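Report on the following structure.
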Amino acid sequence: MNRETLFESIGMLDEDILERSEKKTRRNSASIFITLGTIAACLALIFTLALPSINKPLENPSMPAAFQNGIAKYIDSPPSDLSFTKADLIWLSQEDIFNKWNTAIFSGTVTKLDNMVIDFKGDKAYRAIAEIRVDKIYRGDINNGDTVSVLLPCPIGEGIKMTGTEIISQLTVGSYGIFMPIEYDGSAYWEQNGYTLKLQDVAPYGLADGMRFAFIESEDGIVFASDMYPAISVAKTLEDVESYILSMID
Numbered sequence: 016m017n018r019e020t021l022f023e024s025i026g027m028l029d030e031d032i033l034e035r036s037e038k039k040t041r042r043n044s045a046s047i048f049i050t051l052g053t054i055a056a057c058l059a060l061i062f063t064l065a066l067p068s069i070n071k072p073l074e075n076p077s078m079p080a081a082f083q084n085g086i087a088k089y090i091d092s093p094p095s096d097l098s099f100t101k102a103d104l105i106w107l108s109q110e111d112i113f114n115k116w117n118t119a120i121f122s123g124t125v126t127k128l129d130n131m132v133i134d135f136k137g138d139k140a141y142r143a144i145a146e147i148r149v150d151k152i153y154r155g156d157i158n159n160g161d162t163v164s165v166l167l168p169c170p171i172g173e174g175i176k177m178t179g180t181e182i183i184s185q186l187t188v189g190s191y192g193i194f195m196p197i198e199y200d201g202s203a204y205w206e207q208n209g210y211t212l213k214l215q216d217v218a219p220y221g222l223a224d225g226m227r228f229a230f231i232e233s234e235d236g237i238v239f240a241s242d243m244y245p246a247i248s249v250a251k252t253l254e255d256v257e258s259y260i261l262s263m264i265d
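The sequence shown runs contiguously to residue 265 in this note's numbering.
Encoded structure:
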């Protein structure tokens, strides 16, 4: 029973007392004592339950810690005047893309996209989290049908341009593709403005960049960083990409 339920119970009890008082012209002192005692017991229970709530566990333990403690929060969209700095992607060979990090690799459908802001002691960073329902696993401790939360390197929305995210920024709810996110462990962190944030506290998975770790279906074929994958630069379907991925991870 929560506090609201207890207060409702007390309210019903008071109305019941008033109703009975209208029907009876006399009540003995014993019944008054019992009624008042019942109210007092309820109030005592309320305060007993309320006191531990100061240190009670977080209400939604499945929500990442950064959201529960207020460091991160969901937003509708980033500010319209948000400026993005140009950042060069580190050079990676095709072998490095698959071996530098032990990425999970799976295909699936984007079921949800949420923009978010992370507050590094007043220095704000805007990103997004994609929820992807998995239907095929190539590598990783994931099951078919799982929904995986993935931190994206940019927010998602019309007019948002950020260097190095031209592929992943094209995601929409309903997008289908092959994704290769890093599974974060305790050693993965983000340091900014003197604050260190464990990436696990934001999402269990994340993309290393917005170009090389996603292959997305579109009406015109597939969208991917073809110049960074010379072996499949002319690939037209996800089946072509799948064959290439399997050859790289065997």
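Note that CB positions come from ideal geometry on N, CA and C, so glycine has one too. Fair warning: this is a prediction, and the values are worked out from it, not measured in the lab.
{"Asked": "Cα-Cα separation between Tyr141 and Tyr220, rounded to whole angstroms", "Found": "17 Å"}
{"Asked": "Per DSSP, cross-strand counterpart(s) of Asp129", "Found": "Ile144"}
{"Asked": "Residue ranges of each alpha helix (DSSP H) within the region 137-211, 4 or longer", "Found": "none"}
{"Asked": "Nearest-angstrom Cβ-Cβ length linking Arg154 and Ile120, presumed shorter than 8 Å", "Found": "4 Å"}
{"Asked": "Delimiting residues of the beta strand (DSSP E) encompassing Ser95", "Found": "It is not in any beta strand (DSSP E) - Ser95 carries neither H nor E in the DSSP assignment."}
{"Asked": "Start and end residues, alpha helix (DSSP H) containing Val256", "Found": "253-264"}
{"Asked": "Supposed contact pair Leu167 and Ala143 - C-beta distance, whole angstroms, cut 8 Å", "Found": "4 Å"}
{"Asked": "Own chain, CB closer than 7 Å to Asp161, minus 5 neighbours either side, in chain order", "Found": "Val149"}
{"Asked": "From Ile193, Glu206, Met78, Ile264, residue whose alpha carbon lies closest to that of Lys151", "Found": "Ile193"}
{"Asked": "Distance CB(Met263)-CB(Met243) smaller than 8 Å", "Found": "no"}
{"Asked": "Where Phe230 sits in the DSSP three-state scheme", "Found": "strand"}
{"Asked": "Asn84 classed as buried or exposed, judged by whether at least 16 other C-beta atoms fall within 10 angstroms", "Found": "exposed"}
{"Asked": "Validate contact between the region 118-138 and the region 185-201 using beta carbons, cut 8 Å, 3 pairs", "Found": "yes"}
{"Asked": "Buried or exposed (CB count within 10 angstroms, at least 16 for buried), Thr211", "Found": "exposed"}
{"Asked": "Exposure of Val249, with buried meaning 16 or more beta-carbon neighbours within 10 Å", "Found": "exposed"}
{"Asked": "Buried or exposed (CB count within 10 angstroms, at least 16 for buried), Asn43", "Found": "Confidence in Asn43 is poor, its pLDDT being 46 and thus under 50, which makes the residue's placement unreliable; the coordinate value appears in the next sentence. Exposed."}
{"Asked": "Three-state secondary structure (DSSP) of Thr50", "Found": "Annotation note: pLDDT 44 at Thr50 (below 50); position unreliable, no value reported."}
{"Asked": "Contact check, Ile237 vs Phe230, beta carbons under 8 Å", "Found": "yes"}
{"Asked": "Three-state secondary structure assigned by DSSP to Ala269", "Found": "Absent from the structure is residue 269, since the part of the chain shown begins at 16 and ends at 265."}
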